[in-house]
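Following: one structure in structure tokens, then a few remarks.
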């Protein structure tokens, strides 16, 4: 059962080039969980028999879909792409206990669930164009979710994925952990007992479903214990609270604020992240990989996505195109308000154009 919650039309409907819906789809082994998402549908698609590529987006670490993603999704929709922005289970508006759990396995499953929803016309027809071509699905991820979509790019021969945008991706959890252990051993040591305790809780399924030890996700005393993380969370939090629109140049689009941001994460992530790894040499679809110019020693050191991109280039063949991009600013620079936002949007649209061409949106003229 697919449940539509509400439809949001811009407060200046003649100015916004898209319509946003909120709905949920079943998830989990038994289908008793719900993934909540927004769909951004270009008006040229919504009011015609046309079709467009679909971009599937999810946020990094423990962040909900409301944290920065509306700005990016709206730019894609304004360019003619249909966009789905979802909350992983255990986060945001989606269901799942315990709350604020970040599990690489579960989050990969959620991406696949949304892919299957998009490519099954029987399930998506009432919310999206029934003519969505399964060969035009793009996965988008940043930070932690960037690592997920990079991994799924290695499975593009088995899943209907035509391209991947992996921004500052966490491609090697073990290397990233060792980097932070080296640069901030005391910070990790202070939460080590919580990480171990929460991991032990996860071993007992009955307790695991209801309980977790949580620590801050960003800032002092947290998993990401740095000024960069604290400032980035503050920037996204301010944006989530104060800006209801996603295209400032189009006026306030009146989208609503979405799920509130919670600066907490189940501490077991300190162990979970060690298993997060993907091999660039196995990528099987066009991919854009970015890293931050000012993040050599940051949240995800630039050497991690750079090494992944180098492996992608080694495996490049006639069917797989690899695009790399070093953006201005730090790890949060590609979000609205960051120094790399505008150039980053342009780069992502250029990549999509290289994959789908200028005629990616096949629509009839609106009357």
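Numbering (the numbering used here), first residue to last: 52 to 418.
Cβ atoms here follow ideal geometry from the backbone N, Cα and C, with glycine treated the same way.
Can you give me the Cβ contacts of residue i inside the same chain, cut-off strictly under 7 Å, excluding the 5 residues immediately before and after it?
i           : result
residue 391 : 378, 379, 380, 384 and 385
residue 404 : none
residue 415 : In this prediction, residue 415 has a pLDDT of 38, which is less than 50 and means its spatial position is unreliable; nothing more can be read from the coordinates.
residue 371 : 334, 335, 336 and 337
residue 369 : Bear in mind that a pLDDT of 49 at residue 369, under 50, signals an unreliable position, so the number given afterwards is only what the model happens to contain. Excluding sequence neighbours, residue 369 sits near nothing in its chain.
residue 207 : 335 and 336
residue 345 : 380 and 381
residue 284 : 269, 270 and 314
May I ask you to report which of helix, strand or coil DSSP gives residue i?
i           : result
residue 91  : strand
residue 393 : helix
residue 86  : strand
residue 72  : strand
residue 192 : strand
residue 386 : coil
residue 406 : helix
residue 218 : strand
residue 326 : helix
residue 341 : strand
residue 359 : helix
residue 377 : strand
residue 285 : helix
residue 246 : helix
residue 200 : helix
Do you know how far the Cα of residue j is from the Cα of residue i?
i           : j           : result
residue 343 : residue 360 : 13 Å
residue 173 : residue 127 : 25 Å
residue 358 : residue 332 : 11 Å
residue 387 : residue 125 : 12 Å
residue 210 : residue 311 : 32 Å
residue 398 : residue 111 : 20 Å
residue 314 : residue 335 : 35 Å
residue 286 : residue 118 : 9 Å
residue 251 : residue 228 : 20 Å
residue 197 : residue 94  : 28 Å
residue 226 : residue 104 : 34 Å
residue 281 : residue 288 : 10 Å
residue 365 : residue 201 : 15 Å
residue 71  : residue 406 : 25 Å
residue 68  : residue 92  : 9 Å
residue 123 : residue 240 : 36 Å
residue 199 : residue 400 : 21 Å
residue 169 : residue 205 : 20 Å
residue 86  : residue 107 : 13 Å
residue 374 : residue 89  : 28 Å
residue 389 : residue 82  : 38 Å
residue 116 : residue 362 : 30 Å
residue 273 : residue 96  : 43 Å
residue 120 : residue 255 : 35 Å
residue 167 : residue 80  : 14 Å
residue 329 : residue 114 : 22 Å
residue 143 : residue 134 : 18 Å
residue 193 : residue 356 : 11 Å
residue 277 : residue 171 : 43 Å
residue 189 : residue 253 : 33 Å
residue 298 : residue 230 : Since pLDDT at residue 298 reaches only 48, below the 50 mark, its modelled position is unreliable, and the value read off the structure follows with that caveat. One C-alpha to the other measures close to 37 Å.
residue 215 : residue 191 : 6 Å
residue 136 : residue 219 : 18 Å
residue 21  : residue 224 : Given a span of 52 to 418 for the chain in the structure shown, any question on residue 21 remains unanswerable.
residue 494 : residue 109 : Absent from the model: residue 494. The displayed extent of the chain is 52 to 418, so no value can be given.
If you drop the 5 nearest sequence neighbours on each side, which residues of the same chain put their C-beta closer than 6 Å to that of residue i?
i           : result
residue 264 : 245, 248, 249 and 318
residue 242 : 266
residue 195 : 111, 112 and 221
residue 376 : 341 and 398
residue 275 : 269 and 350
residue 271 : none
residue 402 : 339 and 374
residue 132 : 103, 104 and 106
residue 395 : 378 and 385
residue 187 : 104 and 213
residue 158 : 139 and 199
Among the residues of its own chain, which have a CB less than 8 Å from the CB of residue i, if the five just before and after it don't count?
i           : result
residue 261 : 148 and 149
residue 84  : 77, 78, 140, 145, 146 and 147
residue 163 : 203 and 210
Which residues does DSSP list as the beta-bridge partners of residue i?
i           : result
residue 134 : 91 and 106
residue 230 : DSSP lists no partner for residue 230.
residue 77  : 85
residue 279 : DSSP, once it has assigned bridges, lists no residue as partnering residue 279.
residue 98  : In DSSP, residue 98 forms no bridge with anything.
residue 223 : 328
residue 1   : The first residue shown for the chain is 52 and the last is 418, placing residue 1 beyond what the model contains.
residue 165 : None, per the DSSP bridge assignment.
Cβ-heavy atom distance between residue i and the ligand MN below 6 Å?
i           : result
residue 165 : By its list of ligands, the structure shown contains no ligand whatsoever, and the ligand MN lies outside what it can speak to.
Quick one: any contact between the segment 147-154 and the segment 313-329, if contact means 3 or more CB pairs under 8 Å? yes
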